[in-house]
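Participant: Numbering (this note's numbering), first residue to last: 272 to 675. Backbone N, C-alpha and C fix where the C-beta goes; we use that ideal spot for every residue, glycine too. Quick caveat, the model's predicted, so the values are computed rather than measured.
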Amino acid sequence: MPDVPVLPGRGHALSLHDTRMGTVRATEPGPTARMYVCGITPYDATHMGHAFTYVTFDLVHRAWRDAGHDVHYVQNVTDIDDPLLERAVETGQDWREIADRETALFREDMEALNVLPPRDYIGAVESIPSVASYVEDLQIRGSVYAVDSDLYFRVGQDPSFGEVSGLTRPEMVRIFAERGGDPDRPGKEDPLDCLVWQSERPHEPAWDTSLGHGRPGWHIECTAIALDHLGMGFDVQGGGSDLVFPHHEMCAAEAQVLMQQEPFAHHYVHSAMVSWQGHKMSKSRGNLVFVSALRHSGVRPMAIRLALLAHHYRADWAWTPQGLEGAEDRLDLWLRATHLGQGPDAAPVLDRVRQALADDLRTPRALDAIDAWCMAAESGDGSDPDAPALIASLADSLLGVRLA
Ligand code: 5CA
Ligand code: ZN
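(1) Measure from the alpha carbon of residue 657 to the alpha carbon of each residue in 669, 445, 613, then state which is nearest.
(2) For residue 302, which of helix, strand or coil comes out of DSSP?
(3) Go to residue 594, then tell me how far its alpha helix (DSSP H) extends in each direction, as first and last residue.
(4) Using only CA atoms, which one of 512, 426, 570, 575 lies nearest to residue 528?
(5) Ordered along the chain, which non-local residues of its own chain (more than five positions away) have a Cβ less than 7 Å from that of residue 630?
(6) Give the single residue among 296, 307, 337, 272 whose Cα lies nearest to the Cα of residue 279.
(7) Looking at the secondary structure, which residues open and close the alpha helix (DSSP H) in which residue 325 lies?
(8) Which one or two residues does DSSP pair with residue 347 in a beta bridge?
(9) For residue 458, count neighbouring C-beta atoms within 10 Å of its own C-beta (all shown protein chains included) and say buried if the count is 16 or more, exposed if not.
(10) Here's a check: name, in chain order, each residue in its chain whose Cβ is nearer than 7 Å to the Cβ of residue 232, leaving out the five neighbours to either side.
(11) Listed by chain order, which residues have C-beta atoms less than 6 Å from any heavy atom of the ligand 5CA?
(12) Flag this pair as yes or no: are the beta carbons of residue 468 and residue 406 separated by less than 7 Å?
(13) Among 573, 389, 431, 397, which residue has its Cα nearest to the Cα of residue 332?
(14) Taking 7 Å as the cut-off, decide whether the C-beta atoms of residue 516 and residue 575 are in contact.
(15) Taking the alpha-carbon positions, what's the residue 591 to residue 578 distance?
(16) Give a yes or no on whether the C-beta atoms belonging to residue 396 and residue 351 are separated by under 7 Å.
(17) Determine, using beta carbons only, whether residue 609 and residue 674 come nearer to each other than 7 Å.
(18) Hey, out of 581, 611, 586, whose CA is closest to residue 750's CA?
(19) Count the other CB atoms within 10 Å of the CB of residue 357; is the residue buried (16 or more) or exposed (fewer)?
(20) Where are the alpha helix (DSSP H) runs, 4 residues long or more, that stay fully inside the stretch 482–551, in chain order?
(21) Could you check which residue in 503, 488, 471, 474 has the C-alpha nearest to that of residue 306?
(22) How long is the line joining the alpha carbons of residue 367 and residue 448, rounded to whole angstroms?
(23) Return the CA-CA distance between residue 619 and residue 374, expressed in angstroms with no decimal places.
(24) Can you name the start and end residues of the alpha helix (DSSP H) that residue 439 belongs to?
(25) If you drop the 5 nearest sequence neighbours on each side, which residues of the same chain put their C-beta closer than 8 Å to that of residue 435?
(26) Helix, strand or coil, according to DSSP, for residue 416 in the structure here?
(27) Which residues in the same chain as residue 421 place their Cβ atom closer than 7 Å to its Cβ, once the five residues preceding and following it in sequence are excluded?
(28) Could you check which residue in 509, 415, 501 has the C-alpha nearest to that of residue 321?
(29) By DSSP, does residue 402 sit in helix, in strand, or in coil?
(30) Return the residue from the list 360, 334, 662 that minimises the CA-CA distance to residue 314.
(31) Please state whether the Cβ-Cβ distance between residue 365 and residue 562 is less than 7 Å.
Laid out in structure tokens, this is it:
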């Protein structure tokens, strides 16, 4: 955990858009704010889409800290799943080696981008015993059935199923098929029922559990890790908007049936998609700009972070070289201005940045407020000798932009 400068006063209560309610409303954490963010599937390096998502939730982390909360942040890493096994076959490498290497690179990229690490960083593989025990609980509740020797969760057991995404059934069926689901598999009771346990396939890894020899389905992995480390009714479930359905809908349904309580999370928060060459940046399509490649070509990590922060987290956007150039210029401006001996009073800037972030993470407004101060300081306005240091501290503490 890097040092985060402590600022004078205290941050405002944080409001965030909640996908389930469709509105921006206040988060209401207790002394400890609890957040679960879906982590990477480590079969390739971190791209700008991932970085945008983790920087977004880093702002939540920082805003809560600034408002005086302790933050319990949990993230998973999907270190066993089909894409990893496919990549292993393509490259002749062991799937575990790929997962270890790409997870290490991800952590390095996040550290370079000054993303505060989660308190618990939990793998799918290490969670298998826990997953098996939750699936047994679902069986006891009559919420699981077998197709061949795979196990499916009856989504209809959760009366609130569908409320996270708010999609219609036909939309759900279509998106389910596009995002790893199997609506057409013969033997399923409801096309939307989701796989919770997959029995061993030839040449694939499998683990011995009370459910037999196999491996977990995807959604139950995050359900189990969130319940184990945060419990029911945590503050924010986060990820990119591609996870709204089916992933976050299924996680919520499984947990709500398991615990016979709702909600799984108070806010479901989703970051927009970053595209490149006309399509969502995705490992499966291969249209990627990697954080590590830019770093190794000499781009400063704080310029990458500023390129991401220039976009509000709920608006889809395209990565461009011009966007990065603009961010480099901005970083230069901020570095010059915060190294001056004086400038205008910084207290109003602190308040404006806090307000902008508390209002659903309006980063463009926060950047504008700092730009304005920097330009004024450069043109000789103001004579407060403490202001440059306060601007540097607030940029670091609230936006994660280190100007040292
Ligand atoms: N392991 C699962 C979650 S349990 C997974 O979705 N992994 S991932 O590697 O595909 O994505 C990691 C995170 O980055 C997810 O939150 C996903 O929503 C987000 N993400 C992926 N592509 C983009 C993109 N192009 N723009 C913004 N966020 C993205
Ligand atoms: Zn997840």
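Facilitator: Inspection of the coordinates gives the following:
(1) The residue with the shortest Cα to Cα distance from residue 657 is 613.
(2) Taken through DSSP and simplified to helix, strand or coil, residue 302 comes out as coil.
(3) Counting along the chain, the alpha helix (DSSP H) containing residue 594 begins and ends at 592–609.
(4) Ranked by Cα distance from residue 528, the options 512, 426, 570, 575 are led by 426.
(5) The answer, listed in chain order, is 286.
(6) Measuring from the Cα of residue 279, the nearest candidate turns out to be 337.
(7) First-last of the alpha helix (DSSP H) with residue 325: 319–337.
(8) DSSP, once it has assigned bridges, lists 393 as partnering residue 347.
(9) Counting of Cβ neighbours within 10 angstroms places residue 458 among the exposed residues, the total staying below 16.
(10) Coverage of the chain is limited to positions 272 through 675, which leaves residue 232 absent and any answer about it impossible.
(11) Those residues, listed in chain order, are 309, 310, 311, 312, 320, 321, 323, 324, 347, 349, 493, 510, 511, 513, 514, 542, 544, 545, 551, 552, 553.
(12) Yes, these two residues count as a Cβ contact at 7 Å.
(13) Of 573, 389, 431, 397, the residue nearest in Cα terms is 389.
(14) No. Outside cutoff.
(15) Taking the straight line from one Cα to the other gives about 9 Å.
(16) Their beta carbons are under 7 Å apart, which means residue 396 touches residue 351 by this criterion.
(17) A distance below 7 Å separates the beta carbons of residue 609 and residue 674.
(18) This structure leaves residue 750 out entirely; the chain is present only between 272 and 675.
(19) Flag for residue 357 reads exposed.
(20) Complete alpha helix (DSSP H) runs here, min 4: 489–500, 520–530.
(21) Of the candidates 503, 488, 471, 474, the residue whose Cα lies closest to the Cα of residue 306 is 503.
(22) Their Cα atoms are separated by approximately 28 Å.
(23) Distance from the CA of residue 619 to the CA of residue 374, rounded to the nearest whole angstrom, comes to 40 Å.
(24) Residue 439 -> no alpha helix (DSSP H), and no H or E assigned at all.
(25) Around residue 435: 290, 291, 515, 516, 519, 520, 523, 539.
(26) Correct three-state label for residue 416: strand.
(27) The answer, listed in chain order, is 466, 468, 469, 470.
(28) It is 509 whose Cα lies nearest to the Cα of residue 321.
(29) In the three-state DSSP reduction, residue 402 falls in the helix class (H, G or I).
(30) Of 360, 334, 662, the residue nearest in Cα terms is 360.
(31) Contact: no.
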